[in-house]
Amino acid sequence: MTLLVSFQHVRGGSGTSLISMVNTKILSNAGKVALLEMDFLNPLLHYVFPQKNLKAHVNDFLFGEASLDDILVDVGQDVNERPKRLWFGYMNPLEGARRRLELADAARDKRIIRALENVSWKIEGMPLDFVLIDTAPWSNCILDITTIISDIIFFIIKPNMIELTLFFHRYTTQLYRVVAKVVPIINFCSQVNEKHVQMIVKTLREKCPECENIITIPYYPDLASGLSKELFRDTSHSIYDDLRKVLLSTGFKERSFFQKHEISAPEEGLHTTRYLRKTP
Ligand SMILES: Nc1ncnc2c1ncn2[C@@H]1O[C@H](COP(=O)(O)OP(=O)(O)OP(=O)(O)O)[C@@H](O)[C@H]1O
Ligand SMILES: [Mg+2]
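The numbers in the sequence shown follow this note's numbering, run straight up by one, and end at 900.
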């Protein structure tokens, strides 16, 4: 079974792309993992991992014009990982391609719905263990369908009232009804905003019954200047430990993953990550 994990946010700059990329690297220890960039508003994979000859982009996949085999690039070598473990799917950053997708997304184009609902998550005929999706802060169709097909939604917010309010709006209008387990991550936490962080954690626990796991990620000054390839080659940065805890808290059970990090695996399986009290 492929576990589908989406990374969502309500305002740009929350750290969603960074967190999805680091999680991709961590999960490549546990199985075959693909990261699909679906943030058509701010694609950045091509900056961090430039590719010269891409056969097709995620845009083409969403229009049903390319398969996963066409769009996924094995970037294992780039990030000190074995081959055939870690793939990236790139969004086309050119203005024409972005505009085409933006219009189709706004019109809830049936091709996008079909592509995401009917896809068989395989690469070279082999099932992927994990598919991670980096999303835009807002969109109509892509975000809705991604939300519906996700098993886990990591929702990244900065510790401020605007993002908390927008999260609750998204939660009460959409997320509480889907089967995905929703896990909020509060990013950029520091001593300066400690009181805000505590208040946000308390409010989330009170108002959002499934948000019992709320993870906080510190502000790391060395990451503030942007993403670099180095961060994905060398896994010694503390953010890897933070995000391993995030994955553990949601019940990832892969033996190799837990053995590697010397943590005992929880008894329950991946299926229990779904929040059963919600109505699909
Ligand atoms: N915990 C952190 N500490 C310091 N800097 C961080 C942290 N998390 C993310 N950043 C930095 O914040 C910036 C924005 O991160 P990122 O691009 O991942 O955000 P995003 O939510 O994907 O934004 P967008 O919606 O615009 O794509 C990047 O420069 C990133 O390196
Ligand atoms: Mg992003």
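Note that CB positions come from ideal geometry on N, CA and C, so glycine has one too.
May I ask you to report which of helix, strand or coil DSSP gives threonine 636? helix
Hey, quick one: how far does the beta strand (DSSP E) through threonine 836 stretch, first residue to last? 835-838
In angstroms with no decimal places, state the Cα-to-Cα distance between valine 630 and serine 759. 10 Å
Alpha carbon to alpha carbon, how far is valine 821 from histidine 789? Give it in angstroms, no decimals. Straight-line Cα distance between these residues: approximately 16 Å.
Top-ranked residue by Cα proximity to alanine 676, from Ser640, Lys704, Tyr710 and Leu664: Tyr710
Assuming phenylalanine 708 is part of the beta strand (DSSP E), what are its boundary residues? Segment 706-709, the beta strand (DSSP E) holding phenylalanine 708.
Can you look up proline 757 in the DSSP assignment and give me helix, strand or coil? coil
Is the stretch 660-668 close to the stretch 798-817, with three or more CB pairs under 8 Å? no
Would you mind giving the Cβ-Cβ distance between proline 713 and proline 663, rounded to the nearest angstrom? I have them listed as a contact below 8 Å. 5 Å
If we ignore side chains and look at the alpha-carbon of each, how far apart do leucine 682 and alanine 654 end up? Roughly 16 Å separates the two Cα atoms.
Minimum length 3: unbroken beta strand (DSSP E) runs contained in the stretch 767-816: 772-777 and 801-809
Relative to the C-alpha of aspartate 694, which residue among Asp680, Leu674 and Glu685 is closest? Leu674
Whole-angstrom Cβ separation of asparagine 833 and valine 803, contact assumed at under 8 Å? 5 Å
Glutamate 722: which of Glu737, Leu688, Val866 and Leu661 sits nearest, CA to CA? Leu661
Helix, strand or coil: how does DSSP classify serine 869 here? helix
Where the alpha helix (DSSP H) through histidine 901 begins and ends: Because the chain in this structure spans residues 621 to 900, residue 901 falls outside the shown range and cannot be described.
Closest to tryptophan 741 by C-alpha separation, out of Arg720, Leu752, Arg864 and Ile835, would be which residue? Answer by Cα proximity: Leu752.
Roughly how many angstroms separate the alpha carbons of isoleucine 743 and valine 866, rounded to a whole number? One alpha carbon belongs to isoleucine 743, the other to valine 866, and they sit about 26 Å apart.
Would you mind stating whether glutamine 628 and phenylalanine 750 have Cβ atoms separated by less than 8 Å? no
Report all residues from its chain with a CB closer than 7 Å to the CB of serine 640; omit the five preceding and five following residues, and keep chain order. Phe627, Leu655, Leu752 and Asp754
At least three beta-carbon pairs within less than 8 Å, the stretch 849-862 to the stretch 807-817: no
Do you know how far the Cα of serine 845 is from the Cα of aspartate 771? 32 Å
Smallest Cα separation from threonine 793: which of Cys809, Ile769, Asp764 and Asn813? Asp764
Output needed for leucine 647: all residues of its chain with C-beta closer than 7 Å, excluding positions within five of it in sequence on either side, in chain order. Val653 and Phe750
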